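Engineer:
Numbering (my numbering), first residue to last: 3 to 326.
(1) Let me know the beta strand (DSSP E) ranges lying completely inside the stretch 198–273, each 3 residues or longer, listed in chain order.
(2) Only counting runs of 4 or more residues, tell me where the alpha helix (DSSP H) segments fall wholly within the stretch 65–128, in order along the chain.
(3) Going by the CB atoms, is the gap between residue 246 and residue 20 shorter than 9 Å?
(4) Measure from the alpha carbon of residue 34 to the alpha carbon of each residue in 133, 68, 319, then state which is nearest.
(5) By alpha-carbon positions, which one of 232, 244, 311 ends up nearest to residue 156?
(6) Check the DSSP bridge columns for residue 289 and list the partner residues they point to.
(7) Would you list, in sequence order, the uninterrupted alpha helix (DSSP H) runs of no fewer than 4 residues that lie entirely inside the stretch 129–164?
(8) When you compare each of 99, 56, 185, 100 to residue 92 by their alpha carbons, which one comes out closest?
(9) Report buried or exposed for residue 259, applying the criterion of at least 16 other Cβ atoms within 10 angstroms of its Cβ.
(10) State whether the stretch 198–216 contacts the stretch 124–142, with contact taken as three or more CB pairs (one from each stretch) at a distance under 8 Å.
(11) The alpha helix (DSSP H) with residue 5 in it runs from where to where?
(12) What are the boundary residues of the beta strand (DSSP E) that includes residue 313?
(13) Are there 16 or more other CB atoms within 10 angstroms of the CB of residue 9, so buried, or fewer, so exposed?
(14) Out of 195, 38, 61, which one is the CA nearest neighbour of residue 299?
(15) Measure the CB-CB distance between residue 271 and residue 221 and report whether it falls below 9 Å.
(16) Residue 195 by DSSP, collapsed to three states: which one?
(17) Looking at the secondary structure, which residues open and close the beta strand (DSSP E) in which residue 51 lies?
(18) Identify, in the order they occur along the chain, each residue of the same chain with its Cβ nearer than 6 Å to the Cβ of residue 202, setting aside the five sequence neighbours on each side.
(19) Thinking C-alpha only, which one of 70, 286, 15 is nearest residue 27?
(20) Roughly how many angstroms separate the alpha carbons of residue 151 and residue 62, rounded to a whole number?
(21) I'd like the span of the alpha helix (DSSP H) that includes residue 28, first residue to last.
(22) Sort 22, 265, 76, 225 by Cα distance to residue 144 and report the nearest one.
(23) Using 8 Å for Cβ pairs, my map puts residue 85 next to residue 78. What's the rounded Cβ distance?
(24) Please classify residue 37: is it buried, with 16 or more other beta-carbons within 10 angstroms of its beta-carbon, or exposed?
(25) If we ignore side chains and look at the alpha-carbon of each, how far apart do residue 89 and residue 135 end up?
(26) Checking 9 Å against the spacing of the C-beta atoms, do residue 286 and residue 7 come in under that value?
(27) Would you report the Cα separation of residue 25 and residue 190, rounded to the nearest angstrom?
(28) Straight-line CA distance for residue 1 to residue 50?
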């Protein structure tokens with residue numbers, strides 16, 4: 003890993019794997035002292051199976067019991083099931099993407115929902131969570147907010163975690179994040195090696211200051227996360243970014259064909275931002291040793307020979323053959 007990326011990783015990676023690891027009273031005091039308003043946004047499309055429990059837990063703990071969250075919004079992206087009704091019954095406000103900024107029309111995709119959520123919320127701190135999360139993830143919200151509430155230099159926080167892969171009844175403890183490992187990480191390490199310290203660059207759980215989020219574009223589809231990461235790096239600098247280890251993240255795993263479509267959108271987003279940026283030569287990957295993420299770097303720079311016709315010695319040999 004490049005020295006700047008390693009220094010960032012060691013300085014800007016914190017840990018909040020559970021509620022017990024957080025000083026919630028201190029965070030609430032910091033929120034009040036800074037007069038912050040917090041909006042939590044869940045983009046959702048056909049997530050009636052998971053969104054109700056998730057919204058219910060968040061509303062109970064961070065709206066009703068401890069007023070850490072001021073707005074809890076589900077942005078419904080043309081669901082064909084009861085996502086909107088289930089989310090509303092569980093305590094969330096619900097808007098349809100088509101009803102927000104209608105003069106701009108409505109496009110398909112997760113990024114569209116996230117972009118429009120900025121126009122449908124008022125918080126100066128905005129937390130984004132995927133709506134298909136499984137298990138107890140109550141700590142995700144205060145975990146993501148902590149760096150923003152305690153360090154004014156931080157503008158954007160990515161969640162990181164181990165991601166079990168569950169397919170056909172079997173589970174691999176850290177087999178999730180296939181598009182990250184096979185597509186996003188190699189591309190980011192090559193083109194933006196200073197971002198090599200991000201464990202989950204495509205993770206759907208992150209938070210930011212509105213003052214930063216409103217100044218960058220949002221890719222409409224699944225390229226939104228990688229686009230935000232690159233664009234906010236350019237806007238805020240590496241020192242303005244942070245990440246928090248949230249423990250374990252479980253969600254519904256996608257089939258290979260769907261992952262291929264996601265990867266295609268990620269590649270398109272990266273290439274659109276790459277321009278003439280020079281490629282790096284290291285690939286940094288992460289393993290979890292039980293207490294934290296450990297980076298491991300491998301040289302992956304392309305080692306190639308020039309065209310033989312450009313080699314002077316070769317041309318000299320050809321001349322000798324012709325003369326002989």
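Even for Gly, the Cβ is constructed at its ideal location relative to N, Cα and C. No experiment lies behind these values; they were computed from the predicted model shown.
Structural biologist: Walking through what the data contain:
(1) 208–211, 243–250
(2) 85–92, 112–122
(3) no
(4) 68
(5) 244
(6) 296
(7) 142–152
(8) 56
(9) exposed
(10) yes
(11) 5–14
(12) Unbroken run through residue 313: none, as it is neither H nor E.
(13) exposed
(14) 195
(15) yes
(16) helix
(17) Unbroken run through residue 51 is the alpha helix (DSSP H), 50–61; no beta strand (DSSP E).
(18) 162
(19) 70
(20) 21 Å
(21) 26–35
(22) 22
(23) 6 Å
(24) exposed
(25) 14 Å
(26) yes
(27) 34 Å
(28) Outside the displayed span of the chain (3 to 326) sits residue 1, for which this structure offers no information.
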